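A quick write-up on the structure given underneath.
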Amino acid sequence: MIERKQIRDTLSQYEGDVTIGVLCSHSALQILHGARLEGFETVGVCPKERKKTYSSFPRAKPDEFLIVEDFEEILDEKNQEKLLEKNTVIIPHGSFVEYVGAENILENFRVPIFGNRKSLKWEGSRKKQRKWLEKADVKMPKRYEDPSKIDGKVIVKFSGAKGGRGFFTANSEYDFEEKLEKRLNEGLIKEEDVENITIQEFAPGVRYYPHYFHSIFYRKGAEVGDGSLEILGMDRRIEPIDESYRGLPDVPLDFFDYTVTGNESLVVREKLLVELIDIGISIIEASTELFPPGITGPFCLETIYHPRRGFTAFEISGRIVAGTNLFPTGSPYSPYYFEEPMSTGRRIAREIKRGIEEERMYRVIY
Amino acid sequence: MIERKQIRDTLSQYEGDVTIGVLCSHSALQILHGARLEGFETVGVCPKERKKTYSSFPRAKPDEFLIVEDFEEILDEKNQEKLLEKNTVIIPHGSFVEYVGAENILENFRVPIFGNRKSLKWEGSRKKQRKWLEKADVKMPKRYEDPSKIDGKVIVKFSGAKGGRGFFTANSEYDFEEKLEKRLNEGLIKEEDVENITIQEFAPGVRYYPHYFHSIFYRKGAEVGDGSLEILGMDRRIEPIDESYRGLPDVPLDFFDYTVTGNESLVVREKLLVELIDIGISIIEASTELFPPGITGPFCLETIYHPRRGFTAFEISGRIVAGTNLFPTGSPYSPYYFEEPMSTGRRIAREIKRGIEEERMYRVIY
Amino acid sequence: MIERKQIRDTLSQYEGDVTIGVLCSHSALQILHGARLEGFETVGVCPKERKKTYSSFPRAKPDEFLIVEDFEEILDEKNQEKLLEKNTVIIPHGSFVEYVGAENILENFRVPIFGNRKSLKWEGSRKKQRKWLEKADVKMPKRYEDPSKIDGKVIVKFSGAKGGRGFFTANSEYDFEEKLEKRLNEGLIKEEDVENITIQEFAPGVRYYPHYFHSIFYRKGAEVGDGSLEILGMDRRIEPIDESYRGLPDVPLDFFDYTVTGNESLVVREKLLVELIDIGISIIEASTELFPPGITGPFCLETIYHPRRGFTAFEISGRIVAGTNLFPTGSPYSPYYFEEPMSTGRRIAREIKRGIEEERMYRVIY
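Residue numbers (the UniProt record's numbering), protein chains in the order written: chain A, 1 to 366; chain B, 1 to 366; chain C, 1 to 366.
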């Protein structure tokens, strides 16, 4: 495990300008664009075949490329060395966690990363997520330990399967078994995925995914949430299931796919925004106890809202989410915090800048 | 009834700066943000438990809070006094109308409010809305006085029930009776809601909710609509029914809920925009006859468009709608009118400013 | 056929300022707004009854109107003369192609137009579109020459019917015949539409319509796509079928209508954006061979994405599309290319400006 002390030592040796680094995927354009706006040099860890594309954005291309065969190579000693030489701070995003792995990052990645490194571990497992959200007193869908207990509509998820593949709904144990077998036969999921199966109550309602940002730089005497928690945007993910009605009345099976393919923007009723802010504060407070000093920087809660049930959260992401890509120049919420067009990527860069200015970089980089 | 003369007297006594006031709900952040951009002092009428949240937006928090237990307290003599002392103009929005009540506002609220006070009464009842839209020659869904007359798919609404709760579709009298009883038994609606039942033809098509703004400051010699009507944005409301397809094939009953939970942005084909502007002009002209001098400031039409049926309007709001919250820095339409990022909230503040500059505040405040 | 030489001669006689002209429909507001921002005079070819409306946008109204009874009158000798006198360059859009006709434009319209005139012919027929996309190696839905070959879910389209009217899905030859007859009987389609019938594999997935812009002004030594291809935005079209779920469980037939009524914004996963850029480059390269010098300026690909099938393209538009109307001040992608708020309309004006500055207007105007 990379100790915090080691990162602090590294940071203290960063002389001259800090470089912001990112894997060329997920939300890299936004992060690079934001870093540039805040005056940082940037480096893009990039598969060879993507270099041309990432070069084609004059205002979002990295100043320098670190070319790799695949993203995991960022762990290679010589690549870590290169990044350290450039005083790099890596901004973790979904692809970073997915391709490099939370365990690998915590154990073997010596380059400083933005935000509490431990949050990657807590967001990386459904079990830990549940513990975190339960501690924050956030309502979650009921979970079934065993298919024989199914007593209503459920949604079945696999944490091994990438991004929603093979997920399905079922109404009974029999329905569950039948659909599971079908997916195994079709190769949509594998036997080992079944070991990481989650059977959850199907929560009807509308999906709202608020993009939070928790700044560690409180005003003196302020409490959590007292100006330190921002809602920088909100989105809804787009999955093949979202166009299933176009196949009515006989919806092709291929529509029953929950892989995230993109995002769209929306706003929530203002009184529900107030609730979401309260929920965000509880999540920060819970994280402070579970993995001190808790979550800092961006995080996102995946919720379903129903007028009679309120908010139900079914997932938490402890880093920037791809939904923020909707808002490279700000969202319907960011103008209430910032005069400038403020993306989450830019917000991260600004937090690092403040850390540098106040000589407290170690407060936001772990 | 608060007479117009009384408001004019009050306004004439407003010495020094005008304060823009709003209930901390609905579209308050947008209104406060816009007021600030136009240089106004602001006051937020705010339930105690929301104060912390509304304080957390550096660029949208009110300069001063008027703390209440519930919004109706704004009617209390001492609160009205405080608002009058601060030269307050209240911006009415959905929560103001809902929690304080159109009748109460017209009879007992002495503080000047933006826009024609009487429009709140006209938008407050389905019957009056229908009269207004019929006068404007806007197509509306057929209305059934009696369930025995149902001869096609209908949607059943209650004006007592908040924001869409208990609404349902039916295909026949039998279907209607059965579903109504079910909702009564489940407590979704109450016996008294049934007295305010509306049975409407179900209009298939796409929902478009244009956000109009009618400026009373015409150029000399200009007619209605001749530069005085703006379309500042457009939205679609998001209700649980909008995710019902995710429950296919056996959609849980909880999805059949029409409560508005949020909004999303869209644009309409340009030739339909032209039609919507014509419709807007008719609505203004009708309002001028029904409640002179008619609607001023923001209003919104809730429409369904179908290529073979054209636009059908099923509701009209005579004040700012929550869908404008999508556009704190402007919409896909506002740049055709304004160089600056222009929200409806800011547009309102600007109209008041113009009223002050031209010493004709009484033209926009009632 | 209007030869390129003739247009070059015309352009060489354009003395003084160029005027940007557009038919007052489709994406005219955006184009006029963009032209104004880049400093151009503008002319709007406008049906009489729309003049008042198009005059009501202070920042998007044309400097001058050319009033017509219907859009086809733009072909009248005296109207062409007027446009030539004003040094007009027409920006072609969907209504221009629809109401004037690609054939008419190529044969009889002497006024210079932005972009490769021949692209209008290639985008105007489903057959040519298919040839273009096949050459670019873009995956398309399987096509059935004969209803007897239907072996899965298909979508049936008519190129005569406007914008999606009468389209339907079918599962078998019998289903096809039955539904076709029904639509003929109802007058939704006509006998002659059946001659232009297309029976396509129904591709399940999520719709993404990227808005490309191909600039002909390459940096020296650069290849196609090497900074010359921009993705200025992305949208999804809104059709009555998109609200069909609201009619569940017994969806009224009127919902099965595919007429485009508007557009909404979205973003795609960043790794899919990379794929879309590669596809865009292939499309440009194919066009260079099919109709040299190929497509220049804006074009749009109508795609469906499915995690297991990748992108399938079912249509290509060789000019500005109405979906760009979402972004008069820029999209979630344009900030990665431009500091200023950049719409496709403005981008076109800027390209013309560059052509003028470099005295190579003939490279972008045909």
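The beta-carbon is built from N, C-alpha and C at its ideal position, and this holds for glycine as well.
Quick caveat: nothing in here was measured; it's all calculated off a predicted structure.
Boundaries of the beta strand (DSSP E) around residue 317 of chain B: 310–317. Distances from the alpha-carbon of residue 98 of chain B to those of B:83, B:115, B:124, B:77 put B:124 closest. The DSSP-derived three-state label of residue 234 of chain B is strand.
The beta carbon of residue 48 of chain A is closer than 6 Å to those of 67 in its chain, skipping five residues each way along the sequence. For residue 88 of chain A, the enclosing beta strand (DSSP E) stretches over residues 88–90.
For a cut-off of 8 Å, the C-beta gap from residue 347 of chain A to residue 213 of chain A is around 5 Å, short enough to register as a contact. Going by C-alpha positions, residue 56 of chain A is about 10 Å away from residue 50 of chain A. Between residue 32 of chain A and residue 42 of chain A, the gap from beta carbon to beta carbon is short of 7 Å. Look at residue 180 of chain A: its C-beta is not under 7 Å from any C-beta on chain B.
Leaving aside the five residues that flank residue 282 of chain A on each side, the residues in its chain whose CB is nearer than 8 Å to its CB run, in chain order, 136, 137, 138.
Under the three-state reduction of DSSP, residue 263 of chain C is assigned to strand. Within chain C, the residues 270 have their CB atoms less than 7 Å from the CB of residue 26 of chain A, given in chain order. In this structure, the alpha-carbon of residue 146 of chain A lies about 21 Å from that of residue 312 of chain A. About 6 Å separates the beta carbons of residue 238 of chain A and residue 206 of chain C, which is inside the 8 Å limit, making them a contact pair. The way I'd put it, the segment 227–241 of chain A does touch the segment 319–336 of chain A; three or more beta-carbon pairs between them come closer than 8 Å. Approximately 19 Å separates the beta-carbon atoms of residue 228 of chain A and residue 132 of chain A; this is outside 8 Å, ruling out the contact. When DSSP states are grouped into helix, strand and coil, residue 306 of chain B belongs to the strand group. Residue contact check for residue 350 of chain B against chain A: no CB pair falls below 7 Å. Going by DSSP, residue 322 of chain B is part of no alpha helix (DSSP H) at all; its letter is neither H nor E. For residue 286 of chain C, the secondary structure class from DSSP, reduced to helix, strand or coil, is helix. Apart from the 5 residues on each side of it in sequence, residue 126 of chain B sits with its Cβ closer than 7 Å to the Cβ of 159, 198 in its chain, given in chain order. Identification of residues in the segment 273–289 of chain B having a C-beta nearer than 7 Å to some C-beta of chain C yields 274, 277, given in sequence order. By the rule that beta-carbons nearer than 7 Å mark a contact, residue 245 of chain B touches chain A.
Interface flag for residue 206 of chain A against chain B is set, since a Cβ pair is found closer than 7 Å.
Beta-bridge partners assigned by DSSP to residue 22 of chain C: C:44. Contacts with chain B at 7 Å (Cβ-Cβ) do not include residue 326 of chain A.
Residue burial is scored here from C-beta neighbours: residue 325 of chain A has at least 16 other C-beta atoms within 10 angstroms and is therefore classed as buried. Within chain C, the residues 266, 267 have their CB atoms less than 7 Å from the CB of residue 263 of chain A, given in chain order. Around the beta carbon of residue 182 of chain C, fewer than 16 other beta carbons sit within 10 angstroms, so the residue counts as exposed. By the 16-neighbour rule on beta-carbons within 10 angstroms, residue 262 of chain A is buried. Scanning chain C for C-beta atoms nearer than 8 Å to the C-beta of residue 339 of chain B yields 59, reported in chain order. Listed in chain order, the non-local C-beta contacts of residue 258 of chain A below 7 Å within the same chain comprise 164, 167, 239, 241, local neighbours out to five positions each way being set aside.
Against chain A, a Cβ distance below 8 Å from residue 251 of chain C picks out 248, 249. Interface residue (Cβ-Cβ distance to chain B less than 7 Å): residue 336 of chain A is classified as such. Less than 7 Å separates the beta-carbon of residue 216 of chain C from that of residue 364 of chain C. Contact of residue 306 of chain B with chain C by beta-carbon distance below 8 Å involves 240, 254, 257.
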